[in-house]
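Undergrad: Here the protein sequences come in this chain order: A and B. Be aware that the first sequence starts at -15, since it is given in the working numbering, and climbs by one per residue. Be aware that the second sequence starts at 14, since it is given in the working numbering, and climbs by one per residue.
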Amino acid sequence: MSKNCFVKCFLVPFINLKKREVQVKIVYYGPGRGGKTTNLEYVYSKFNDRIKTDIVSIKTQGDRTLFFDFLPFNMGKIKGFDVRVQLYTVPGQVKYNATRKLVLRGVDGLVFVADSMEARREKNLHSLKNLHENLASYNESIFKIPLVLQYNKRDLAEQGIPLLSVESLEKDLNSKLRVPSFEASALAGTNVVTTMKKIITMTMASIESQLK
Amino acid sequence: MDNKNDGTVTDEVQSRLEDLFGESGKASVYMEDSSVPEDSPLRILKGIVLSVDWEIDDEVMAKLIEEIGRLEHTYKDDKTLLSFFRLLGSVGKYIKTRKADAHPDAIKLLNSTYNSLEKVFLSKGITQAEKKETLLAQVKEFKKLKEQIAFKKADTAKKEEVKPPKETKPVIEKQEKDVVVQAEHRPPEETEEELLLRSEMSRMTPQEALAYVLAELKQVIRAEFKALNAKLKS
């Protein structure tokens, strides 16, 4: 990862006009065990022959994300610029907030991976609030940054596990934000790519509008 | 839900994303694999195994053990199925005990064992020999995991026993704060640990050994002083 990525101004994406390169940083945020890493793992396992890159994961013994997961890939030339996308996850567990803040630094777009399980309602709310606060610490607004919500684990409904309805999730998490949202199953891959495509498209459009 | 910033860049990005991640006709892996009939005796078990993949909590794990127990009873006359359930039960109990500290491969093994069981259970025309072969493959994986866990345990124990001298000092300093009058009456395992540490002194450089001895002396003197103080106060 480029050092410039960490030292750049928070609002401006990393753009090297001389080399005509753009680096786009997308962060998957959300409560622990919500499926952020699974999103990246799905993308990697399904498309690694096309994106020709490696996923970097730093995990604890119990398979939880300790620091972050990192999946970079090149999108090729767009408007004469080489576009490189970097997908990150943050550790979801409450105690790792310092790491979350560090990973958020320089973020261009966000995917909030919410856990659809009924029992996880509070954790979703807490995590979204935490995102709001951490962005604010960088003088950034959750209402301005490109953001997509993903309601993950929808497949568990078929197993009789009580899930929050999409309406309830929308009311809880998206009533003020009013951003694109997708029902998904990261484990199965349902809407994982759709979510990623949406956030990349939104982020690129946002970068373009900032440069105008 | 629509992107408000439509424009040529957006079109180009979308087109490039389609080239890279085009998924035409790709259904979800789970949906494709979800072939357990609604009335199948394995349906509940599958749901629980999938839940474990997402969340390891006491409730889910208790359900898993309970469901395996129920299936063991139902299929007590089918040796192959019984062995599968026992395997699942062993892995399940291990995960239940260790939770997030369980070996990462344990959950993978739980899933793969379930998938093999499903194959054996649902495949029409599968021969007894094929069933046994599938079971043996899982048993092999189970043994491999057991070995990995045992190796890890032994490795951890070894690391704990053979502490490098540089780390010994802060540990001893910490102990100094906690020393009580009864310091001489330490539990036997602590004494053994100390003996092991002492045996390591033969491998230390003279400087390291000196530092170690000094720290030890400091600890003894402090303990003695505390004991003396306590006696004077009483």
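Backbone N, C-alpha and C fix where the C-beta goes; we use that ideal spot for every residue, glycine too. Fair warning: this is a prediction, and the values are worked out from it, not measured in the lab.
Could you tell me which residues DSSP puts in a beta bridge with residue 166 (chain A)?
TA: Residue 166 (chain A) is bridged to A:134.
Undergrad: Along the chain, where does the beta strand (DSSP E) that runs through residue 118 (chain B) open and close?
TA: It is not in any beta strand (DSSP E) - residue 118 (chain B) instead sits in the alpha helix (DSSP H) that spans 117 to 135.
Undergrad: Along the beta strand (DSSP E) that carries residue 73 (chain A), what are the first and last residues, could you check?
TA: Where residue 73 (chain A) is concerned, the enclosing beta strand (DSSP E) stretches over 65 to 73.
Undergrad: Can you look up residue 175 (chain A) in the DSSP assignment and give me helix, strand or coil?
TA: Reduced to three states, the DSSP call for residue 175 (chain A) is coil.
Undergrad: Mind listing which residues of the region 86 to 111 of chain A have their C-beta closer than 7 Å to chain B's C-betas, in chain order?
TA: Against chain B - using a Cβ distance shorter than 7 Å - the region 86 to 111 of chain A contributes no residues.
Undergrad: Identify every residue that forms a DSSP beta bridge with residue 15 (chain A).
TA: Answer is none; residue 15 (chain A) lacks a bridge partner.
Undergrad: For chain A, is any of its Cβ atoms less than 8 Å away from the one on residue 60 (chain B)?
TA: By this cut-off, residue 60 (chain B) is an interface position.
Undergrad: Under a CB-based cut-off of 8 Å, is residue 140 (chain A) close to chain B?
TA: Judged by the 8 Å Cβ criterion, residue 140 (chain A) is in contact with chain B.
Undergrad: How would you call residue 118 (chain A), buried or exposed, if buried means at least 16 neighbouring beta carbons within 10 angstroms?
TA: Buried is the call here.
Undergrad: Residues bridged to residue 99 (chain A) by DSSP?
TA: Answer is A:136, bridged to residue 99 (chain A).
Undergrad: Please decide whether residue 93 (chain B) counts as near chain A, where near means a Cβ-Cβ distance under 8 Å.
TA: No, because no Cβ of chain A sits closer than 8 Å to the Cβ of residue 93 (chain B).
Undergrad: Does DSSP classify residue 109 (chain B) as helix, strand or coil?
TA: Of the three classes helix, strand and coil, the one that applies to residue 109 (chain B) here is helix, per DSSP.
Undergrad: Show which residues of chain A have a CB atom less than 8 Å away from the CB atom of residue 134 (chain B).
TA: The premise fails here: residue 134 (chain B) is roughly 17 Å from chain A at the closest Cβ pair, so nothing lies under 8 Å.
Undergrad: Just reading off the alpha helix (DSSP H) that residue -2 (chain A) is part of, what are its end residues?
TA: That residue, residue -2 (chain A), is in no alpha helix (DSSP H); its beta strand (DSSP E) goes -2 to 0.
Undergrad: For residue 32 (chain A), which beta-bridge partners are listed by DSSP?
TA: For residue 32 (chain A), which the question treats as bridged, DSSP gives no partner whatsoever.
Undergrad: Spatial neighbours of residue 106 (chain A) within its chain, please: C-beta separation below 7 Å, excluding the five flanking residues on both sides.
TA: Cβ within range, chain order: n/a, list empty.
Undergrad: Between which residues of its own chain and residue 115 (chain B) is the CB-CB distance below 7 Å, once the five residues before and five after are set aside?
TA: The answer, listed in chain order, is 107 and 108.
Undergrad: Closest to residue 98 (chain A) by C-alpha separation, out of A:155, A:5 and A:124, would be which residue?
TA: For residue 98 (chain A), the nearest C-alpha among the options comes from A:155.
Undergrad: Using DSSP bridges, identify the partner residues of residue 247 (chain B).
TA: Paired residue(s): none; residue 247 (chain B) is not in a bridge.
Undergrad: Residue 186 (chain A) to residue 84 (chain A), Cα distance in whole Å?
TA: So the two alpha carbons sit approximately 22 Å from each other.
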